[in-house]
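**Q** Structure below; questions to follow.
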Amino acid sequence: MTQYILKRLLLMVPTFLLITLLVFVMINLAPGTAGQAASASGSEQADQSAAAREGYRLFKEQYNLDLPIILNFRFLLDEDNVMRHLEVVARNLSGTIPGEREAFAVGRTAAGVVADIVNEPFHALARELADPDLDPDERAALQRRQQEVGFRTIDPRRPPRPAQGAIFDSEERLEDWGHAIVPELLAISRSYVWIYRDDVDSPWLDGVGILAETLGLDPSTRSGSVEWRGENWRVHTTLTDKVRFLAVQRLSVNARRRVLIRDGERGTEEQRAANRMIVSENNRISQWTWSLGDSPERQQEILAEWEGWWEEASIRYERTGLQTLGSVFLDTRFAAYWANLARLDFGTSIRYRRPVMQVIGEHWMYSVYLSVMSLLLAYFISVPIGILAAVKQNTFADRGVGIALFVLYSLPSFFVATLAQTYLTPASPLDADSFIGKVINFFAVFPVSGFNSVEAIEVTTWELLTNTLWHMVLPVICLTYMSLAVLSRYARTGLLDVIRSDYIRTARAKGLSEWVVIMKHAVRNGMIPILTLLGTTLPVLIGGSIVIEYIFVIEGMGSLMIGSIFFRDYNVIMGILLLSSILTLVGILLSDISYALVDPRISFD
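Positions 1118 to 1722 (the numbering used here) are the ones given, in order, by the sequence shown.
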């Protein structure tokens, strides 16, 4: 037996690891953002102020939400990956270059010229179709070709603006990549020059280039945007300036180091000293950025600051092949979470800003009280009923009890709980003068909700206990009645299999009374199915009942779970699910051990 228990305990470790991995991946791949109720997400996040955006970035960093989930391949990122996302964000920026603020007087025909350039393939096919002597087959082919080319209605005034979702996605990626792209951001801020890319609308670029030449502007204006203002054209900031501006702005954020001590933690004296140095450096580099329109001299001053910083900090970004391989598995959310689990630290609740185990501890006892009382009451009632049904098999008592229990089983718990709360409390709406009203109102003495009355806080221990038990009556009944049918049928089936055994017939042949045969010899071995169920009910102690706790306003584990799901408090959800998994594994082990205790024929040696 001892050897078997040790093997099972050792097997629990990889099993728990796989359960953790599965639950962690499912939760982190769920739609939405962690703590979404407390911070905007999606398109709303893009509209937040810089201060709110920075707060959300720190929030993600604190809870490791900026790390990849399972595997980290960010070491493969290069300048091209970073530039493409910077360019997406840059096309959403507005601004003008100081030397290009003057307006250029041109006629409205300039817009038509650009439109003609853009749609030249369409117009060329139209000229061919204008030939009256064109062969019908050739005409049909040209018409099909013209339909494929289509007439482009691209606005030639400014480059195509990316969709809001694409802009937000690029901002999120650049933010989450963090330290991994610091060298690339520094290189881009030094020497980036916008060039033509195949994935940008080439007809628009051709049109802007021709228009720039018409206005006598520098050819580099091809990388800028041209905007119609009344009767004039105005040339706006080039993508080169915008991308370099965004690169140094993002660099001032991504280059910041993580603090060693989180909010609410004290840490050692050495950690506090190191933390002060990190905060000082972060505050300094956060100022090294410029604004759109700043002079080249100002930009060079900022870049000089970054070059000096890079000479000292570059060693932090140098990694050996082994370190890079290790970061693939260790620099992830899952690795960070398991590092905390190894210290029995389930993290900090996003919603309550307190340790997860402390939050669970405050809600756990409510569910334990309800679950334990419900389980004890269910077994106390259903096991004797199952024994009676097995002994009186196929009699009126057997069928009557079975029908009654299955009728109860068919009633949803939320329906029964709502009826009980409506008619069995002092707020019952029934007419007190009617016969039915008098009968039901006689029992309408139970509390409506809560775990105890507000006034019960300042009473004696005995009065508080009785007040709490009185509040638990309706919730316990609603949690118990549905399990009576299942447990009693399991008890009945298990006992029927046993009482047909040879040793039961032998006991009866020896002249033992039916009571002794059933209660001493049959029940013990017939309870194995019940013990199996008992092992799987342990997770109920930590899981609670969401519906019953919600209806009766009990702040147990069920209420905590549903609130954490709505709030996307991943750490609390993971804590509850993992504790439930541990109780499930322990419950199954206890069930196996109990088999050997009740049935001597079962041995694990």
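Cβ coordinates follow ideal geometry from the N, Cα and C atoms, glycine included. Since the model is a prediction, treat every value here as computed from it, not as a measurement.
Given a threshold of 16 other Cβ atoms within 10 Å of its Cβ, counted over all protein chains shown, does Lys1359 qualify as buried or as exposed?
**A** Within the sequence shown, the letter at position 242 stands for residue 1359. By the 10 Å Cβ count, Lys1359 comes out buried.
**Q** Is the separation between the beta-carbon of Ala1534 and that of Ile1378 shorter than 7 Å?
**A** The residue labelled residue 1534 in the question sits at position 417 within the sequence shown. The residue labelled residue 1378 in the question sits at position 261 within the sequence shown. In this structure, Ile1378 does not lie closer than 7 Å to Ala1534 by Cβ.
**Q** In angstroms, rounded to a whole number, what distance separates the CA positions of Asn1145 and Arg1125?
**A** Taking the sequence shown and counting its residues from 1, the one referred to as residue 1145 is at position 28. Taking the sequence shown and counting its residues from 1, the one referred to as residue 1125 is at position 8. Taking the straight line from one Cα to the other gives about 30 Å.
**Q** Compute the Euclidean distance between the alpha carbons of Leu1695 and Trp1427, then round it to the nearest angstrom.
**A** One-based indexing of the sequence shown puts residue 1695 at position 578. One-based indexing of the sequence shown puts residue 1427 at position 310. Whole-angstrom Cα-Cα distance: 43 Å.
**Q** Would you check if the distance between the CB atom of Leu1655 and the CB atom of Gly1704 is smaller than 7 Å?
**A** Stepping through the sequence shown from its first residue, residue 1655 is reached at position 538. Stepping through the sequence shown from its first residue, residue 1704 is reached at position 587. Yes. Within cutoff.
**Q** I'd like the list of long-range same chain contacts for Asn1688, defined as Cβ closer than 8 Å, with 5 residues on each side in sequence excluded.
**A** Walking along the sequence shown from the start, residue 1688 turns up at place 571. Excluding positions up to five away in sequence, the list reads Tyr1180, Phe1463, Gly1464, Thr1465, Ser1466, Ile1467 and Val1473.
**Q** What separation, rounded to the nearest whole angstrom, lies between the Cα atoms of Thr1119 and Arg1617?
**A** For this step, residue 1119 is matched to residue 2 along the sequence shown. For this step, residue 1617 is matched to residue 500 along the sequence shown. Cα to Cα, Thr1119 sits roughly 33 Å from Arg1617.
**Q** In whole angstroms, give me the CA-to-CA distance for Ala1639 and Met1674.
**A** Here residue 1639 corresponds to residue number 522 of the sequence shown, with the count starting at 1. Here residue 1674 corresponds to residue number 557 of the sequence shown, with the count starting at 1. The alpha-carbon atoms of Ala1639 and Met1674 are separated by roughly 38 Å.
**Q** Look at the alpha carbon of Gln1260 and the alpha carbon of Leu1246, and state the distance between them as a whole number of angstroms.
**A** For the purposes of this step, residue 1260 is taken as residue 143 along the sequence shown, with counting starting at 1. For the purposes of this step, residue 1246 is taken as residue 129 along the sequence shown, with counting starting at 1. Each residue's alpha carbon lies about 8 Å from the other.
**Q** List the endpoints of the continuous alpha helix (DSSP H) containing Gly1692.
**A** As a working mapping, residue 1692 is identified with position 575 in the sequence shown. Counting along the chain, the alpha helix (DSSP H) containing Gly1692 begins and ends at Tyr1687 to Val1715.
**Q** With Leu1736 and Ala1507 assumed to form a contact (beta carbons below 8 Å), what rounded beta-carbon distance in angstroms separates them?
**A** Look at the range of the chain in this structure, 1118 to 1722, and you will see that residue 1736 is not part of it.
**Q** Can you give me the start and stop residues for the alpha helix (DSSP H) that Gln1475 sits inside?
**A** Position 358 of the sequence shown, counting from 1, holds the residue named residue 1475. First-last of the alpha helix (DSSP H) with Gln1475: Val1473 to Val1508.
**Q** Looking at C-beta atoms only, is the number of pairs between the region 1579–1593 and the region 1674–1686 that lie closer than 8 Å three or more?
**A** Short answer: they don't touch.
**Q** Since Val1634 and Ile1645 should fall inside the 8 Å C-beta cutoff, what is the C-beta to C-beta distance between them, to a whole number of angstroms?
**A** As a working note, residue 1634 is residue 517 in the sequence shown. As a working note, residue 1645 is residue 528 in the sequence shown. The pair is not a contact, with the Cβ atoms about 18 Å apart (cut-off 8 Å).
**Q** With distance defined between alpha-carbon atoms, name the residue in Val1396, Leu1363 and Gln1366 nearest to Val1376.
**A** Within the sequence shown, numbered from 1, the residue matching residue 1376 stands at position 259. Residue Val1396 is the option with its Cα nearest to Val1376.
**Q** Is it right to say Gln1440 is buried, meaning 16 or more other beta carbons lie within 10 angstroms of its own, or is it exposed?
**A** The sequence position of residue 1440 within the sequence shown is 323, counting from 1. Classification for Gln1440: exposed.
**Q** Compare the Cα-Cα distances from Glu1292 to each of Ala1241, Leu1203 and Ala1257 and report the closest residue.
**A** Stepping through the sequence shown from its first residue, residue 1292 is reached at position 175. Just measuring C-alpha positions, the residue of Ala1241, Leu1203 and Ala1257 sitting nearest Glu1292 is Leu1203.
**Q** Classify Ile1122: buried if its beta carbon has 16 or more other beta carbons within 10 angstroms, exposed otherwise.
**A** Taking the sequence shown and counting its residues from 1, one reaches residue 1122 at position 5. Ile1122 should be labelled exposed.
**Q** Residues in the same chain with beta-carbon distance under 8 Å from Val1140, minus the five sequence neighbours each way, listed in chain order, please.
**A** In the sequence shown, counting from the first residue as 1, residue 1140 sits at position 23. Once the five neighbours on either side are set aside, the close Cβ partners of Val1140 are Met1691, Leu1694, Leu1695 and Ser1698.
**Q** Alpha helix (DSSP H) containing Thr1623: first to last residue?
**A** Counting from 1 along the sequence shown, the entry for residue 1623 is found at position 506. Element bounds for Thr1623: Asp1619 to Ala1626.
**Q** According to the neighbour-count rule (16 or more other Cβ atoms, all chains shown, within 10 Å of its Cβ), is Trp1481 buried or exposed?
**A** As a working note, residue 1481 is residue 364 in the sequence shown. Looking at its Cβ environment, which holds 16 or more other Cβ atoms inside 10 Å, Trp1481 is buried.
**Q** Which residue's Cα is closest to the Cα of Asp1716: Val1670, Val1615 and Pro1185?
**A** The count along the sequence shown starts at 1 and reaches residue 1716 at position 599. The option with the nearest alpha carbon to Asp1716 is Val1615.
**Q** Helix or strand or just coil, what does DSSP make of Thr1465?
**A** For the purposes of this step, residue 1465 is identified with residue 348 of the sequence shown, where counting begins at 1. Three-state DSSP puts Thr1465 in a strand.
**Q** Taking the alpha carbon of Arg1641 as the point to measure from, which residue in Leu1591, Thr1701, Ser1711 and Ser1600 has its own alpha carbon closest?
**A** Here residue 1641 is taken as the residue at index 524 of the sequence shown, counted from 1. Closest option to Arg1641, Cα to Cα, is Ser1711.
**Q** Counting only runs that start and end within the region 1234–1265, where is the beta strand (DSSP E) found for 3 or more residues in a row?
**A** none
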